[in-house]
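Asks: Position one of the sequence shown corresponds to residue 49 (the numbering used here), numbered consecutively onward.
Cβ coordinates follow ideal geometry from the N, Cα and C atoms, glycine included.
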Amino acid sequence: MKFIHLTVIVLCLSLAVNAQRSLSLEEALQYAVQNSNNVRLAQMDLTDAEAQIQEVRASAIPTLAANVQYQYFIDLPKSLLPLSAFGGPEGEFAVVEFGLKNNLTATLDANAIIFDPSVFVGLKAAKVYRELVVKQIDQTKSELRYNVAKSYLAALIAQKNKEVLDKNISNLEATLNETQAFYKEGFIEKLDVDRLELSLNNLRAQAENVGQFIVLSHNLLKFQMGMPLTEAIELADNIDILVGNTLVEDINVAENQLDITKRPEYDVIKAGQTLNEMNLQSIKAGQLPSLYAFGTQQLTLQRDNVFDGDQPGWLNATIVGAQLKIPIFDHTRKYKLQQAEVDLQKTQIQYEEFVNATNLEYANAKISYLNAKRNVTTSQNSLDLAQSIHTTTQVKYREGVGSSLEVTQAEADLYQAQGNYITSLYDLLVAKTDLEKALGKF
49 MKFIHLTVIV LCLSLAVNAQ RSLSLEEALQ YAVQNSNNVR LAQMDLTDAE
99 AQIQEVRASA IPTLAANVQY QYFIDLPKSL LPLSAFGGPE GEFAVVEFGL
149 KNNLTATLDA NAIIFDPSVF VGLKAAKVYR ELVVKQIDQT KSELRYNVAK
199 SYLAALIAQK NKEVLDKNIS NLEATLNETQ AFYKEGFIEK LDVDRLELSL
249 NNLRAQAENV GQFIVLSHNL LKFQMGMPLT EAIELADNID ILVGNTLVED
299 INVAENQLDI TKRPEYDVIK AGQTLNEMNL QSIKAGQLPS LYAFGTQQLT
349 LQRDNVFDGD QPGWLNATIV GAQLKIPIFD HTRKYKLQQA EVDLQKTQIQ
399 YEEFVNATNL EYANAKISYL NAKRNVTTSQ NSLDLAQSIH TTTQVKYREG
449 VGSSLEVTQA EADLYQAQGN YITSLYDLLV AKTDLEKALG KF
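1. Which first and last residues belong to the alpha helix (DSSP H) in which residue 252 is found?
2. In the DSSP assignment, find the beta strand (DSSP E) that holds residue 335 and state where it starts and stops.
3. Using C-beta distances below 8 Å, list every residue in its chain close to residue 310, excluding the 5 sequence neighbours before and after it, in chain order.
4. Indicate the three-state DSSP secondary structure (helix, strand or coil) for residue 151 in the structure shown.
5. Just reading off the alpha helix (DSSP H) that residue 402 is part of, what are its end residues?
6. Can you tell me the Cβ-Cβ gap for residue 430 and residue 465, rounded? I've got them flagged as a contact below 8 Å.
7. Residue 162 and residue 339 look like a contact to me (Cβ under 8 Å); what is the Cβ gap, rounded to whole Å?
8. I believe residue 402 touches residue 470 by the beta-carbon criterion, under 8 Å. Please report the beta-carbon distance rounded to the nearest angstrom.
9. Could you tell me the distance, in whole angstroms, from the CA atom of residue 180 to the CA atom of residue 111?
10. From the DSSP output, read off the bridge partner residues of residue 69.
11. Consult DSSP for residue 142 and reduce its assignment to one of helix, strand or coil.
12. Comparing C-alpha positions only, which one of 358, 356, 114 and 188 sits nearest to residue 93?
13. Drop a sphere of 10 angstroms on the beta-carbon of residue 459, count the other beta-carbons inside from all chains shown, and report buried for 16 or more, exposed for fewer.
14. On the three-state DSSP scale, how would you describe residue 372?
15. Ordered along the chain, which non-local residues of its own chain (more than five positions away) have a Cβ less than 7 Å from that of residue 251?
16. Contact check, residue 183 vs residue 319 under 8 Å by CB: the rounded distance?
17. Suppose you measure from the CA of residue 325 to the CA of residue 190; what does that come to, to the nearest Å?
18. If you drop the 5 nearest sequence neighbours on each side, which residues of the same chain put their C-beta closer than 8 Å to that of residue 125?
19. So residue 90 and residue 156 are supposed to be a Cβ contact under 8 Å. How far apart are they, rounded?
20. Are there three or more Cβ pairs, one per stretch, closer than 8 Å when the stretch 344 to 364 is compared with the stretch 164 to 175?
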């Protein structure tokens with residue numbers, strides 16, 4: 049029976065582990081692009097843009113409309129006719145009814161644009177608007193990948209920090225057990241044991257805090273990816289391997305010169321400029337004449353009894369024509385032109401601001417990346433030195449030629465060096481991420 053219970057527990061644990069989704073950084077980026085609500089909303093804007101394009105195109109297509117109208121005159125229209133017109137006395141009138149009781153009219157109207165500059169400019173602008181939305185989607189994806197990458201690295205560095213803390217706790221527990229044995233034999237003071245217990249408690253508290261931070265960082269990562277918070281994930285990448293690859297790649301800052309045309313924001317701003325230029329053209333085109341053609345086919349049936357075939361049948365009327373509109377005076381267009389010109393000037397200023405901001409971002413990212421590379425080497429050397437001092441101090445303490453205070457100080461220095469090293473790893477990966485973003489590689 050116990051064997052069955054144990055088997056069930058093992059199976060449950062196995063299922064729980066298998067239920068975790070293992071994600072590399074690249075897989076996290078792909079998942080985010082496919083599932084992020086921000087990307088979905090941006091893609092819905094594209095669907096809306098397609099509909100607007102079709103709407104503009106439809107405005108240039110000839111229209112055809114049918115209309116059927118039935119009228120029944122309870123009282124026919126009446127008019128006064130002077131009797132003098134028919135040889136009667138002057139000043140007397142006769143009341144006369146005009147029309148028939150039933151009036152059925154069927155009309156077919158056709159309209160077509162022959163020449164309208166505003167419509168033609170609108171067709172071009174609709175295509176540019178679609179390009180703008182596509183570029184905005186690319187920008188949304190780029191920003192999403194950047195944010196997910198930084199969240200992934202934050203979660204990964206927290207995981208690395210937890211591993212180091214757990215290893216330190218394990219080592220300190222072994223040291224504490226050894227020290228307690230020395231204390232029982234009277235070789236050391238109780239103060240030495242208390243110091244180690246205090247250090248161990250501090251490490252355990254730090255490990256617990258880091259464990260909670262890992263949960264928070266995973267939740268933030270899942271939120272940005274568009275993944276349900278209830279889904280368990282496991283980060284597949286190794287921070288040391290990522291750093292090693294970064295150091296091996298050795299991004300040559302001199303060769304990677306900034307090209308702002310590779311930034312997604314560049315395409316968005318340029319498309320916006322083109323759209324504003326076309327808006328200005330459309331308003332100016334409204335000052336030009338426009339020509340339209342139209343045609344109407346009308347059938348009318350007038351009878352006192354609709355179903356009396358002896359009465360006259362359908363009466364036919366056909367009209368074709370053209371309409372020329374020539375704008376002469378439209379004071380509102382003057383102010384529309386002013387607004388359009390201001391919008392165009394604003395996009396030019398926005399472009400200049402984008403260029404300046406991008407140059408600043410690249411310059412800062414380049415400096416941060418170079419500094420981060422140096423800091424990794426420096427912190428690695430400091431960690432090696434702190435580890436050597438810690439080992440020497442422990443040997444001296446066991447041999448009775450060192451004090452517990454030296455051991456405690458060496459441990460504090462080691463933990464500080466470990467923290468600095470882990471921070472330098474994170475700073476390097478983030479600096480590389482920022483540099484790639486500045487270069488438009490996201």
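Replies: Walking through what the data contain:
1. Here residue 252 refers to the residue found at position 204 when the sequence shown is read from its first residue. That run of the alpha helix (DSSP H) goes 238 to 273.
2. Translated into positions along the sequence shown, residue 335 becomes position 287. First-last for residue 335: undefined, no H or E at that position.
3. In the sequence shown, residue 310 corresponds to position 262, counting from 1. The residues are 487, 488 and 489.
4. The residue given as residue 151 occupies position 103 in the sequence shown. Residue state, collapsed to three classes: strand.
5. Translated into positions along the sequence shown, residue 402 becomes position 354. Start and end: 379 to 446.
6. What you label residue 430 is simply residue 382 of the sequence shown in a count that begins at 1. What you label residue 465 is simply residue 417 of the sequence shown in a count that begins at 1. The Cβ separation is near 5 Å, so the contact holds.
7. Within the sequence shown, numbered from 1, the residue matching residue 162 stands at position 114. Within the sequence shown, numbered from 1, the residue matching residue 339 stands at position 291. Yes, residue 162 and residue 339 are in contact; Cβ-Cβ is about 4 Å, under 8 Å.
8. Taking the first residue of the sequence shown as position 1, residue 402 is located at position 354. Taking the first residue of the sequence shown as position 1, residue 470 is located at position 422. So it is not a contact: roughly 35 Å between Cβ atoms.
9. Stepping through the sequence shown from its first residue, residue 180 is reached at position 132. Stepping through the sequence shown from its first residue, residue 111 is reached at position 63. Distance between the alpha carbons of residue 180 and residue 111 is about 30 Å.
10. Locating residue 69 in the sequence shown gives position 21, counting from the first residue. Per DSSP, 281.
11. Against the sequence shown, residue 142 aligns to sequence position 94. In the structure shown, residue 142 sits in a strand (DSSP, three-state: E or B).
12. As a first step, residue 93 is located in the sequence shown; it is residue number 45 there, counting from the start. If we check each option's Cα against that of residue 93, 188 comes out closest.
13. Numbered from 1 along the sequence shown, position 411 holds the residue referred to as residue 459. Label assigned to residue 459: buried.
14. Here residue 372 corresponds to residue number 324 of the sequence shown, with the count starting at 1. It is a strand residue.
15. If you number the sequence shown from 1, residue 251 lands on position 203. Around residue 251: 213, 216, 217 and 220.
16. Counted from its first residue, the sequence shown places residue 183 at position 135. Counted from its first residue, the sequence shown places residue 319 at position 271. Yes, residue 183 and residue 319 are in contact; Cβ-Cβ is about 5 Å, under 8 Å.
17. Counting from 1 along the sequence shown, the entry for residue 325 is found at position 277. Counting from 1 along the sequence shown, the entry for residue 190 is found at position 142. So the alpha carbons of these two residues sit roughly 27 Å apart.
18. Along the sequence shown, one-based indexing puts residue 125 at 77. Once the five neighbours on either side are set aside, the close Cβ partners of residue 125 are 145, 146 and 147.
19. Counting from 1 along the sequence shown, the entry for residue 90 is found at position 42. Counting from 1 along the sequence shown, the entry for residue 156 is found at position 108. Actually they are not in contact, since the Cβ atoms of residue 90 and residue 156 sit about 44 Å apart, beyond 8 Å.
20. no
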